[in-house]
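Novice: The numbers in the sequence shown follow our numbering, run straight up by one, and end at 192.
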Amino acid sequence: MHRLELKVPPVVVFLVIGAAMWLVAKQVPQATVHIPRPLPVAIAFSLAAAWLGVKAILDFRRHGTTVHPHYPEKASTVVADGVYRYTRNPMYLALVVVLLAWAVRLGNLASFAGLPLFVAYMTRFQVKPEERILLSKFGAPYREYMGTVRRWI
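The following block contains the structure:
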(Lines of atoms letter the chains of each structure in order from A and count residues from 1; the text may use other names and numbers.)
(Lines give C-alpha, C1' and ligand atoms only; values in the text may rest on other atoms or scores of the structure.)
Protein backbone atom coordinates (compact mmCIF):
# COMPACT_ATOMS: atom_id res chain seq x y z
CA MET A 1 0.00 0.00 0.00
CA HIS A 2 1.35 3.40 -1.00
CA ARG A 3 1.20 6.23 1.54
CA LEU A 4 -0.92 8.39 -0.81
CA GLU A 5 -3.66 5.78 -1.12
CA LEU A 6 -6.97 7.19 0.14
CA LYS A 7 -5.15 10.15 1.74
CA VAL A 8 -5.75 13.18 -0.47
CA PRO A 9 -9.45 14.06 -0.73
CA PRO A 10 -10.65 13.83 -4.34
CA VAL A 11 -11.88 17.42 -4.22
CA VAL A 12 -8.35 18.57 -3.31
CA VAL A 13 -6.89 16.63 -6.25
CA PHE A 14 -9.60 18.20 -8.44
CA LEU A 15 -8.76 21.73 -7.25
CA VAL A 16 -5.00 21.25 -7.64
CA ILE A 17 -5.41 19.89 -11.18
CA GLY A 18 -7.84 22.70 -12.04
CA ALA A 19 -5.35 25.30 -10.79
CA ALA A 20 -2.55 23.61 -12.73
CA MET A 21 -4.68 23.70 -15.87
CA TRP A 22 -5.17 27.45 -15.42
CA LEU A 23 -1.43 27.98 -14.87
CA VAL A 24 -0.58 25.95 -17.95
CA ALA A 25 -3.07 27.96 -20.02
CA LYS A 26 -1.41 31.19 -18.84
CA GLN A 27 2.15 29.91 -19.34
CA VAL A 28 1.58 28.34 -22.77
CA PRO A 29 -0.48 30.94 -24.66
CA GLN A 30 0.65 29.50 -28.00
CA ALA A 31 -1.58 26.49 -27.23
CA THR A 32 -4.68 28.69 -27.20
CA VAL A 33 -7.35 27.53 -29.63
CA HIS A 34 -10.62 29.00 -30.74
CA ILE A 35 -13.52 27.03 -29.37
CA PRO A 36 -16.83 28.36 -30.68
CA ARG A 37 -19.04 29.57 -27.82
CA PRO A 38 -16.83 28.16 -25.05
CA LEU A 39 -18.92 29.50 -22.18
CA PRO A 40 -22.20 27.80 -23.18
CA VAL A 41 -20.31 24.57 -23.91
CA ALA A 42 -18.56 24.74 -20.53
CA ILE A 43 -21.85 25.45 -18.78
CA ALA A 44 -23.50 22.48 -20.52
CA PHE A 45 -20.68 20.16 -19.40
CA SER A 46 -20.86 21.59 -15.88
CA LEU A 47 -24.61 21.05 -15.66
CA ALA A 48 -24.22 17.47 -16.88
CA ALA A 49 -21.49 16.92 -14.28
CA ALA A 50 -23.64 18.41 -11.53
CA TRP A 51 -26.53 16.13 -12.45
CA LEU A 52 -24.23 13.08 -12.50
CA GLY A 53 -22.59 13.93 -9.18
CA VAL A 54 -25.85 14.70 -7.37
CA LYS A 55 -27.53 11.59 -8.78
CA ALA A 56 -24.58 9.45 -7.65
CA ILE A 57 -24.75 10.84 -4.11
CA LEU A 58 -28.52 10.37 -3.98
CA ASP A 59 -28.14 6.77 -5.17
CA PHE A 60 -25.70 6.11 -2.31
CA ARG A 61 -27.98 7.84 0.21
CA ARG A 62 -30.97 5.81 -1.02
CA HIS A 63 -29.02 2.65 -0.23
CA GLY A 64 -27.85 4.03 3.12
CA THR A 65 -24.15 3.75 2.36
CA THR A 66 -21.27 6.16 2.84
CA VAL A 67 -20.07 8.67 0.28
CA HIS A 68 -16.90 9.48 2.26
CA PRO A 69 -13.90 8.74 0.02
CA HIS A 70 -11.51 8.01 2.91
CA TYR A 71 -13.56 5.20 4.42
CA PRO A 72 -14.70 2.77 1.71
CA GLU A 73 -14.67 0.03 4.35
CA LYS A 74 -17.76 1.69 5.87
CA ALA A 75 -19.78 0.91 2.74
CA SER A 76 -22.86 -1.08 3.67
CA THR A 77 -23.80 -2.43 0.25
CA VAL A 78 -22.78 -2.63 -3.39
CA VAL A 79 -24.73 0.04 -5.26
CA ALA A 80 -25.25 -1.24 -8.81
CA ASP A 81 -28.36 0.63 -9.93
CA GLY A 82 -29.06 4.23 -10.92
CA VAL A 83 -26.00 5.84 -12.50
CA TYR A 84 -23.90 3.02 -11.05
CA ARG A 85 -25.25 0.78 -13.84
CA TYR A 86 -23.06 2.72 -16.27
CA THR A 87 -19.93 3.63 -14.31
CA ARG A 88 -18.46 2.42 -11.04
CA ASN A 89 -17.23 5.93 -10.22
CA PRO A 90 -19.85 8.50 -11.21
CA MET A 91 -18.81 11.00 -8.52
CA TYR A 92 -15.23 11.01 -9.78
CA LEU A 93 -16.42 11.01 -13.38
CA ALA A 94 -18.45 14.13 -12.57
CA LEU A 95 -15.23 15.82 -11.44
CA VAL A 96 -13.57 14.82 -14.73
CA VAL A 97 -16.44 16.38 -16.67
CA VAL A 98 -16.10 19.62 -14.67
CA LEU A 99 -12.39 19.64 -15.53
CA LEU A 100 -13.38 19.13 -19.17
CA ALA A 101 -15.69 22.14 -18.88
CA TRP A 102 -12.83 24.13 -17.35
CA ALA A 103 -10.46 23.14 -20.18
CA VAL A 104 -13.06 24.21 -22.74
CA ARG A 105 -13.52 27.53 -20.95
CA LEU A 106 -9.75 28.07 -20.82
CA GLY A 107 -9.54 27.39 -24.56
CA ASN A 108 -6.01 26.05 -24.31
CA LEU A 109 -4.99 22.66 -25.69
CA ALA A 110 -2.25 22.25 -23.09
CA SER A 111 -4.77 22.59 -20.27
CA PHE A 112 -6.57 19.46 -21.50
CA ALA A 113 -3.56 17.49 -20.19
CA GLY A 114 -5.08 17.87 -16.73
CA LEU A 115 -7.82 15.38 -17.60
CA PRO A 116 -5.66 12.25 -18.01
CA LEU A 117 -3.51 13.37 -15.07
CA PHE A 118 -6.58 13.55 -12.83
CA VAL A 119 -7.86 10.18 -14.06
CA ALA A 120 -4.43 8.55 -13.61
CA TYR A 121 -3.96 9.91 -10.08
CA MET A 122 -7.49 9.02 -9.02
CA THR A 123 -7.25 5.54 -10.51
CA ARG A 124 -3.96 4.77 -8.76
CA PHE A 125 -4.49 6.38 -5.36
CA GLN A 126 -8.27 6.40 -4.87
CA VAL A 127 -10.17 4.05 -7.16
CA LYS A 128 -7.95 0.94 -7.06
CA PRO A 129 -7.58 1.07 -3.26
CA GLU A 130 -11.37 1.47 -2.93
CA GLU A 131 -11.88 -1.50 -5.25
CA ARG A 132 -9.47 -3.62 -3.24
CA ILE A 133 -11.32 -2.80 0.01
CA LEU A 134 -14.79 -3.32 -1.49
CA LEU A 135 -13.73 -6.61 -3.08
CA SER A 136 -12.44 -7.80 0.28
CA LYS A 137 -15.64 -6.71 2.02
CA PHE A 138 -18.29 -7.82 -0.49
CA GLY A 139 -16.53 -10.61 -2.40
CA ALA A 140 -18.38 -12.21 -5.33
CA PRO A 141 -21.14 -9.58 -5.68
CA TYR A 142 -18.56 -6.83 -6.07
CA ARG A 143 -16.38 -8.95 -8.37
CA GLU A 144 -19.44 -9.53 -10.59
CA TYR A 145 -20.20 -5.79 -10.55
CA MET A 146 -16.59 -5.04 -11.55
CA GLY A 147 -16.95 -7.50 -14.41
CA THR A 148 -20.10 -5.92 -15.81
CA VAL A 149 -19.67 -2.17 -15.20
CA ARG A 150 -16.68 -0.14 -16.37
CA ARG A 151 -14.47 1.72 -13.94
CA TRP A 152 -14.88 5.10 -15.65
CA ILE A 153 -16.97 5.03 -18.84
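All residues carry an ideal CB built from backbone N, CA and C; glycine is no exception.
Three or more C-beta pairs under 8 Å: does that hold for the segment 171–188 against the segment 83–100?
Specialist: No, they do not touch.
Novice: Could you tell me if V51 is buried or exposed, where buried requires 16 or more neighbouring beta carbons within 10 angstroms of its beta carbon?
Specialist: Result: exposed.
Novice: Would you mind stating whether R163 and L174 have Cβ atoms separated by less than 8 Å?
Specialist: No, Cβ-Cβ distance for R163 and L174 is not below 8 Å.
Novice: Are L138 and L154 closer than 8 Å when you measure CB to CB?
Specialist: For L138 and L154, yes; Cβs fall inside 8 Å.
Novice: According to DSSP, which residues form a beta bridge with T71?
Specialist: In the DSSP output, where bridge partners are listed per residue, T71 has N147.
Novice: How many angstroms separate the CA atom of A70 from the CA atom of A89?
Specialist: Approximately 28 Å between the Cα atoms of the pair.
Novice: Tell me whether G121 sits in a helix, a strand or coil according to DSSP, three-state version.
Specialist: G121: helix per DSSP, three-state reduction.
Novice: Is A58 near the ligand SAM, with its Cβ less than 7 Å from a heavy atom?
Specialist: Judged by which ligands are present, the structure shown has none, so any question about the ligand SAM falls away.
Novice: If you measure between the beta carbons of P49 and Y131, is that distance less than 8 Å?
Specialist: Contact flag set, yes.
Novice: What is the C-beta distance between V135 and F84, in whole angstroms, given that I count them as a contact (C-beta under 8 Å)?
Specialist: At roughly 10 Å, the Cβ-Cβ gap does not stay under 8 Å, so V135 and F84 are not in contact.
Novice: Could you say which of A140, E170, R171 lies nearest to A81 if we only look at CA atoms?
Specialist: Closest option to A81, Cα to Cα, is A140.
Novice: Are W61 and N128 close, meaning C-beta to C-beta below 8 Å?
Specialist: Their beta carbons are not under 8 Å apart, which means W61 does not touch N128 by this criterion.
Novice: Following the continuous alpha helix (DSSP H) through T187, name the residue where it begins and the one where it ends.
Specialist: 179–187 is the span of the alpha helix (DSSP H), which, as asked, contains T187.
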